[in-house]
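The sequence shown runs 1 to 421 under UniProt numbering.
Notes follow once the structure below has been shown.
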Amino acid sequence: MGENAVEDAVTTCVPGTRDTDVAVKPPTVDIVIPVLNEERALPGCVETLHAFLRDTFPLTWRITIADNGSTDATWDIARDLAARLPDVHATRIEVRGRGAALRHAWSHSPAEIVAYMDVDLSTHLDALLPMVAPLVSGHSEIGIGSRLARSSRVRRTARRELISRCYNLALRLSFGTGFRDAQCGFKAVRADVVRPLLQRVQDDAWFFDTELLLLAEHNGLRVHETPVDWFEDVDSRVNVVGTAWQDIRGMVRVARRMSAGQGRVDLPPRRELAPVHPDAVVAPATNPLLAKLVSFALIGVVSTIAHTSLYAALRTVWSPEWANLAALAVTAAANTEANRRWTFGRRGGARTRVHSRAGLLFVVNYLFTTTVVVTAVHALPGHGRALEVAVLLLAYVAMTIVRFAVLDRWVFRDRPAALTG
């Protein structure tokens, strides 16, 4: 939905009872709690957090309750808490989505560091100071809680654990991310850094966290991970599967924008811990692989369907070896050319070198698939044509995965520039 929709929404702010002090001396940390219809959980959450900060937190702080379109008594409770507890602030927007609430609250916060945590307090509060401290010292620009760190203690269902690990693995493989847990509801960001990033973040829902982190790393910012103790809220209303699907769509969108050069952000100067040596080499931002994977997968689906269909047609008149050879020859040539143009962006020369290398890959592909079909399937007693085609399809899919790695690392790899003396 984006920033414009949030700014166009009706917004209401209720300052805390000590808001005049905040105006004189802004807090170091503003902890935002995004809420939507949380009338039952909100009072206990804010009172617990308030007591923890008052008694143990060494930095100046403020709590901001960010209501985004609640229809129950959440907003009334938020206003009461802001009026009753010192250093509690309440704000409301008429746009739903956790990202929308954080975008609005972080954009208007007077604090040096803006943070957020979920209203269920699933993450133990002892991790708050270790997460914020590197931002205060200047070591990092973003701090996140990680449930996947080795020393974290986590209790959640196997289904949610599997989805979380697969999602974060997909991020690491496709974007080369350095962080391990993108979706833990426990994060902090330097305010001067997050505001330029918010102008590029498009998602206003659950993918907001991931998009922010991907853009941050893409622009060379440092993300510090803090191990956390995390216990799943059994009353959570998050649709894990639906959210995961929206996240995958968000990954594709971000990868395309980055590949088009639209992920760069003008950021304030970094606070370096030590001078940078003039001869030091700074690694460029990681080029995301997801855009390549999406293009390669679409071409691969078409090639697989074409190969299987052509093999099935030729198999009625030819032996498995010759049918597979003809089907592979046609589809491999078309596949290589399509990937050369669209996946790896090679529209100029070097076509001979590319197709000769791809030809070697074609030979390996043919030998593997033919061996599987002829040797393995034909050794089975009473095998049928349907089993033969099915096994060939599986073998072709397996070789397609290998094919992407070889194309990316060898066939379409850029030649190193000539060394100059």
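Just so it is clear, CB atoms sit at the ideal spot from N, CA and C, and this is done for glycine as well.
Rank the options by C-alpha distance to the C-alpha of residue i and give the top, closest one.
i, options, result
"Ala-306", "Val-330, Pro-320, Ser-319 and Phe-296", "Val-330"
"Ile-31", "Gln-202, Arg-190 and Ser-152", "Arg-190"
"Ala-255", "Lys-292, Val-265 and Trp-206", "Lys-292"
"Ile-65", "Lys-25, Thr-226, Ala-133 and Cys-45", "Cys-45"
"Val-397", "Leu-360, Arg-96, Tyr-366 and Asp-76", "Tyr-366"
"Pro-268", "Leu-148, Asp-120, Asn-68 and Asp-192", "Asp-192"
"Val-194", "Ala-182, Gln-183, Asp-209 and Ala-205", "Asp-209"
"Ala-390", "Ala-73, Ile-248 and Thr-304", "Thr-304"
"Glu-161", "Asp-181, Ser-151 and Gly-384", "Asp-181"
"Leu-135", "Ile-248, Arg-156 and Leu-221", "Leu-221"
"Ile-299", "Arg-315, Ala-323, Phe-207 and Ala-334", "Ala-334"
Which whole-angstrom value describes the C-beta separation of residue i and residue j, a residue pair presumed to lie in contact below a C-beta threshold of 8 Å?
i, j, result
"Pro-43", "Leu-81", "7 Å"
"Val-223", "Glu-217", "6 Å"
"Val-354", "Thr-336", "7 Å"
"Ser-107", "Leu-36", "Not quite, the Cβ-Cβ distance comes to about 19 Å (not below 8 Å), so this is no contact."
"Val-119", "Trp-230", "About 14 Å; that fails the 8 Å criterion."
"Ala-78", "Asp-67", "6 Å"
Does the beta-carbon distance from residue i to residue j come in below 8 Å?
i, j, result
"Met-251", "Ser-164", "no"
"Asn-339", "Phe-296", "yes"
"Phe-179", "Met-131", "no"
"Val-228", "Gly-145", "yes"
"Ala-73", "Glu-47", "no"
"Gly-97", "Asp-247", "no"
Alpha carbon to alpha carbon, what distance is there between residue j and residue i?
i, j, result
"Phe-344", "Val-363", "22 Å"
"Phe-404", "Thr-308", "19 Å"
"Val-406", "Arg-253", "25 Å"
"Ile-93", "Arg-147", "30 Å"
"Pro-110", "Lys-25", "9 Å"
"Leu-393", "Glu-321", "15 Å"
"Leu-214", "Thr-177", "7 Å"
"Leu-49", "Val-265", "34 Å"
"Phe-412", "Arg-341", "11 Å"
"Pro-284", "Thr-71", "Low local confidence applies: a pLDDT of 44 at Pro-284 is under 50, so the model's placement there is unreliable, and no value is given."
"Ala-386", "Trp-245", "33 Å"
"Gly-143", "Ala-188", "5 Å"
"Arg-150", "Cys-184", "15 Å"
"Trp-75", "Val-29", "23 Å"
"Ala-260", "Ala-312", "40 Å"
"Arg-249", "Glu-211", "11 Å"
"Met-258", "Arg-409", "20 Å"
"Trp-206", "Ile-33", "14 Å"
"Val-402", "Arg-156", "35 Å"
Using a Cβ-based criterion (distance less than 7 Å to any ligand heavy atom), does residue i qualify as near the ligand FAD?
i, result
"Pro-27", "By its list of ligands, the structure shown contains no ligand whatsoever, and the ligand FAD lies outside what it can speak to."
Between the stretch 74 to 89 and the stretch 110 to 128, can you find at least three pairs of beta-carbon atoms closer than 8 Å?
no
The stretch 45 to 64 / the stretch 161 to 173 touching (three or more Cβ pairs under 8 Å)
no
If you pair each beta-carbon of the stretch 46 to 57 with each one of the stretch 115 to 130, do three or more pairs fall below 8 Å?
yes
The stretch 97 to 106 contacting the stretch 134 to 144, beta-carbon criterion three pairs below 8 Å
no
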